[in-house]
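So the protein lines, in turn, are chains A and B.
One point on numbering: in the numbering used here, the residue at position 172 of the first sequence is 175, and numbering is uninterrupted.
One point on numbering: in the numbering used here, the residue at position 108 of the second sequence is 123, and numbering is uninterrupted.
Using N, Cα and C, we set each Cβ at its ideal position, and we do this for glycine too.
Heads up, the thing below is written out as structure tokens.
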Amino acid sequence: MKVLVPVKRVVDANVKVRVKPDKTGVDLNNVKMAVNPFCEIAIEEAVRLKESGVATEVVAVSVGATNCQEQLRTCLALGADRAILVQVDDAVQPLGVAKLLKAIFDKEQPGLVLFGKQSIDGDNSQTGQMFAALAGLPQGTFASKLTVADGKASVVREVDGGLQTVELKLPAVITTDLRLNEPRYASLPNIMKAKKKPLDTVSPADLGVELKTTVETVSVEPPPERKAGIKVESVEQLVDKLRNEAKVIS
Amino acid sequence: MALDATTLTQLLDTVRRFVRTELVPLESQVAREDRIPERIVAQMRELGLFGLTVPESYGGLGLGTEEECRVVMELGWTSPAFRSVIGTNNGIGSQGLVMDGTEAQKRRYLPGLASGELIGSFALTEPDAGSDAGSLTTAARPHNGGFLINGTKRFITNAPQANLFTVFARTDPNTTGAAGVSAFLIDADTKGIVLGKPNRKMGQQGAHVCDVVFDDCWVREDALLGGRELLNKGFATAMKTLDRGRLHISALAVGCAERLISDSLSYAMERKQFGQPIAEFQLIQAMLADSRTEAYAAQCMVLDAARRRDGGERVTTWAACCKLFASEMVGRVADRAVQIFGGAGYMEEYGIERFYRDVRLFRIYEGTSQIQQTLIARNMIRDHA
Ligand SMILES: Cc1cc2nc3c(=O)[nH]c(=O)nc-3n(C[C@H](O)[C@H](O)[C@H](O)COP(=O)(O)OP(=O)(O)OC[C@H]3O[C@@H](n4cnc5c(N)ncnc54)[C@H](O)[C@@H]3O)c2cc1C
């Protein structure tokens, strides 16, 4: 079974981002970039499926500019067998990405598509679901446990009330939650060997997909600055403030 | 092998992430227990950290000097005791073999050193031969087709864990200087080797040194590093090993300085006195600026000397300049860090006093600052023809 893992290049989680003065977005100049942490979990899960003999090939795919090759190389170092870059120089919205991935899916015919549940930049949590709809595949989102056997995937999902288990017929779409696994460090020898693994580049035109912008960003604002706290004199005062000012207890 | 930019960046990013996520949180525990958890050593093996400088054909990464130095700068961000685990295998414990070993010797030991399955140690110093290492008296006498080794080696890093010693011993009894010394590759479990108790030391808890005593220790003739051709020429091997080792230590000093500067800056911007962050006071700023400048200078020196070495230049003088400047620099940076932290700098829980003690070693081993000065000046005079 082949596993397809879409991965996104995002700002490194440790970077404190700044909003651009014109409020059109976040300043990405000279900012350290990384594989979206949820996508890294997806890669890890795919590699584990391969190591346990369930999967035979892991293919990482990214949509974006040429510099996304860096993140694809990371995936190759982590254990993906090959990588595909769908080269698009302008920003692509979730629906566009889903359409491009649908075209890749049709070409590659994987048994499983493992997405991160969301990317830490846009936090949309849409691409996996849109892709599943376009491809007409069953989806198990926010997976915290995944078992694949006998043409089926059993997915434990983290939902508000607790854990829900769903069973999907393959091919299927899974999106990974934080607790699915703890990604490994790529070993230094594997980082060096990753260079020799295949990394193909295709364009939307090659895939017969036309990209349209359907969402317009009106403004990006930094979160409001936190005001300084106060010291309360007594427990009574604390309870009073929690009840009447913060209104968090009744 | 020269790495492309993306690969090198990934390598450095991975080491940085490992250091900051896995090692930094353990610093005070390691100092307290004087022990690095086996789990961490296993992770270092999996990452491939033991084989940075072992050639690829023997299972290592075969990093060039500049690449090695950049990795070591990342490792310097945490307690140098962690670096010490992989230090000897990448430096003095393997490089003699890499540079001068016979093919059979390389095949026998390098793959194990690269994977971390074997720990290599470098045994040059003796109770009466420190800075004047050439005067060593450990003797290797021909015996039964091999050599019989007798003598004591002192302050040997990683000796308690070592599987392989590179031992320097006098093979020509008619000499008293560097000329009659040879290098031997000796398995640690060879009969006649006795280890002393680990020394209690000023800093770098978790890294261990002890005496290694050779008492009628018989080794086969093929233990002679480089074979018969290098008989009585072992001191040159030691010196070449130290050229690279000194750049490694200099890079480590730069890494530690970066950490100390970062901690000092964060503290100075948080800590308020007289109604403002102490970073606003010009006297504090002067310390920060001096530390920044000196660390930058050392970093430039190390990378320049490393590039020269990669280019084939003999870098003995430059490596000594780097070791002298970088080790003294990090001493000053650590001292200023204690000052910027004030009373907190003196307290164990902030970790600054620990770094202060840890980095003190860099001015002493692999040649004291005075020995670097002597060497630099001697080479200057020699080259002034
Ligand atoms: C933690 C630790 C780990 C070590 N690990 C190893 C190891 O793995 N392998 C190994 O072989 N050795 C190791 N050493 C030994 C180390 O290299 C020596 O301690 C060092 O070279 C200094 O030698 P010494 O201690 O005998 O000091 P000495 O040589 O006695 O020096 C004492 C003082 O005299 C000064 N001095 C000496 N000669 C001169 C001179 N000509 N001109 C001016 N000043 C001079 C020195 O600079 C120093 O200040 C280690 C030491 C330590 C502390």
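Compare the beta carbon distance of residue i and residue j with 8 Å and say whether it is the shorter of the two.
{"i": "glycine 412 (chain B)", "j": "alanine 352 (chain B)", "result": "The structure shown does not extend to residue 412 (chain B), since chain B is modelled only from 16 through 400, so no value can be given for it."}
{"i": "glutamine 219 (chain B)", "j": "aspartate 350 (chain B)", "result": "no"}
{"i": "glycine 211 (chain B)", "j": "valine 228 (chain B)", "result": "yes"}
{"i": "valine 345 (chain B)", "j": "alanine 268 (chain B)", "result": "yes"}
{"i": "serine 130 (chain B)", "j": "glycine 74 (chain B)", "result": "yes"}
{"i": "valine 151 (chain A)", "j": "leucine 79 (chain A)", "result": "no"}
{"i": "arginine 243 (chain B)", "j": "alanine 335 (chain B)", "result": "no"}
{"i": "phenylalanine 134 (chain A)", "j": "leucine 104 (chain A)", "result": "yes"}
{"i": "threonine 93 (chain B)", "j": "valine 39 (chain B)", "result": "yes"}
{"i": "cysteine 232 (chain B)", "j": "threonine 205 (chain B)", "result": "yes"}
{"i": "glutamate 83 (chain B)", "j": "valine 30 (chain B)", "result": "no"}
{"i": "valine 224 (chain B)", "j": "phenylalanine 170 (chain B)", "result": "yes"}
{"i": "glutamate 111 (chain A)", "j": "lysine 5 (chain A)", "result": "yes"}
{"i": "aspartate 115 (chain B)", "j": "leucine 246 (chain B)", "result": "no"}
{"i": "glutamine 132 (chain A)", "j": "threonine 144 (chain A)", "result": "yes"}
{"i": "alanine 101 (chain A)", "j": "glutamine 142 (chain A)", "result": "no"}
{"i": "alanine 45 (chain A)", "j": "valine 89 (chain A)", "result": "no"}
{"i": "valine 34 (chain A)", "j": "valine 18 (chain A)", "result": "yes"}
{"i": "threonine 178 (chain A)", "j": "glycine 119 (chain A)", "result": "yes"}
Could you check the C-alpha separation between residue i and residue j for me, to the nearest Å?
{"i": "aspartate 305 (chain B)", "j": "lysine 338 (chain B)", "result": "19 Å"}
{"i": "glutamine 291 (chain B)", "j": "proline 24 (chain A)", "result": "28 Å"}
{"i": "alanine 17 (chain B)", "j": "proline 97 (chain A)", "result": "39 Å"}
{"i": "threonine 220 (chain A)", "j": "alanine 58 (chain A)", "result": "40 Å"}
{"i": "glutamate 248 (chain A)", "j": "methionine 284 (chain B)", "result": "32 Å"}
{"i": "methionine 362 (chain B)", "j": "phenylalanine 370 (chain B)", "result": "12 Å"}
{"i": "leucine 115 (chain A)", "j": "aspartate 163 (chain A)", "result": "26 Å"}
{"i": "threonine 383 (chain B)", "j": "phenylalanine 340 (chain B)", "result": "12 Å"}
{"i": "arginine 307 (chain B)", "j": "glycine 91 (chain B)", "result": "16 Å"}
{"i": "isoleucine 51 (chain B)", "j": "phenylalanine 97 (chain B)", "result": "7 Å"}
{"i": "leucine 202 (chain A)", "j": "alanine 86 (chain A)", "result": "5 Å"}
{"i": "glutamate 207 (chain A)", "j": "alanine 106 (chain A)", "result": "Sequence check: residue 207 (chain A) is proline here, not glutamate. Going from the Cα of proline 207 (chain A) to the Cα of alanine 106 (chain A) covers about 9 Å."}
{"i": "glutamine 72 (chain A)", "j": "leucine 26 (chain B)", "result": "15 Å"}
{"i": "glutamate 154 (chain A)", "j": "leucine 140 (chain A)", "result": "It is worth fixing the name first, because residue 154 (chain A) is glycine in this sequence and not glutamate. C-alpha separation (whole angstroms): 14 Å."}
{"i": "aspartate 49 (chain B)", "j": "valine 22 (chain A)", "result": "46 Å"}
{"i": "glutamate 273 (chain B)", "j": "alanine 238 (chain B)", "result": "41 Å"}
{"i": "valine 212 (chain A)", "j": "leucine 137 (chain A)", "result": "13 Å"}
{"i": "lysine 198 (chain A)", "j": "glutamine 385 (chain B)", "result": "45 Å"}
{"i": "glutamate 224 (chain A)", "j": "alanine 231 (chain A)", "result": "21 Å"}
{"i": "leucine 275 (chain B)", "j": "threonine 22 (chain B)", "result": "28 Å"}
{"i": "aspartate 430 (chain B)", "j": "aspartate 187 (chain B)", "result": "Because chain B here runs from 16 to 400, residue 430 (chain B) falls outside it and cannot be looked at."}
{"i": "arginine 122 (chain B)", "j": "serine 72 (chain B)", "result": "9 Å"}
{"i": "isoleucine 355 (chain B)", "j": "valine 100 (chain B)", "result": "31 Å"}
{"i": "threonine 153 (chain B)", "j": "glutamate 368 (chain B)", "result": "38 Å"}
{"i": "threonine 191 (chain B)", "j": "asparagine 165 (chain B)", "result": "16 Å"}
{"i": "proline 157 (chain B)", "j": "glutamate 328 (chain B)", "result": "37 Å"}
{"i": "valine 242 (chain A)", "j": "glutamate 185 (chain A)", "result": "40 Å"}
{"i": "alanine 313 (chain B)", "j": "serine 277 (chain B)", "result": "16 Å"}
{"i": "alanine 321 (chain B)", "j": "glutamate 48 (chain A)", "result": "40 Å"}
{"i": "leucine 139 (chain B)", "j": "aspartate 84 (chain A)", "result": "47 Å"}
{"i": "lysine 248 (chain B)", "j": "glutamate 132 (chain B)", "result": "29 Å"}
{"i": "aspartate 147 (chain B)", "j": "arginine 47 (chain B)", "result": "34 Å"}
{"i": "glutamate 236 (chain B)", "j": "arginine 76 (chain A)", "result": "47 Å"}
{"i": "alanine 266 (chain B)", "j": "phenylalanine 296 (chain B)", "result": "31 Å"}
{"i": "arginine 324 (chain B)", "j": "valine 205 (chain A)", "result": "42 Å"}
{"i": "leucine 33 (chain B)", "j": "isoleucine 396 (chain B)", "result": "With the sequence shown as reference, residue 33 (chain B) is identified as phenylalanine, and leucine is not the correct amino acid for it. So the two alpha carbons sit approximately 45 Å from each other."}
Cβ of residue i versus every heavy atom of ligand 1: is any distance shorter than 7 Å?
{"i": "glutamate 343 (chain B)", "result": "no"}
Touching by the beta-carbon criterion (3+ pairs, under 8 Å), the stretch 59-76 of chain B and the stretch 96-116 of chain B: yes
The stretch 171-181 of chain B in contact with the stretch 198-214 of chain B per 3-pair CB rule at 8 Å: yes
Neighbourhood of ligand 1 [Cβ distance below 5 Å to any heavy atom], ordered by chain position: B:Phe137, B:Leu139, B:Thr140, B:Gly145, B:Ser146, B:Phe170, B:Ile171, B:Thr172, B:Val224, B:Tyr380, B:Thr383 and B:Gln385
Sufficient close CB pairs (3 or more, under 8 Å) joining the stretch 115-132 of chain A to the stretch 68-87 of chain A: no
Contact the stretch 202-218 of chain A vs the stretch 85-97 of chain A: 3+ CB pairs below 8 Å: yes
Stretch-stretch touch, CB-based, cutoff 8 Å, three pairs: the stretch 4-13 of chain A with the stretch 121-135 of chain A: yes
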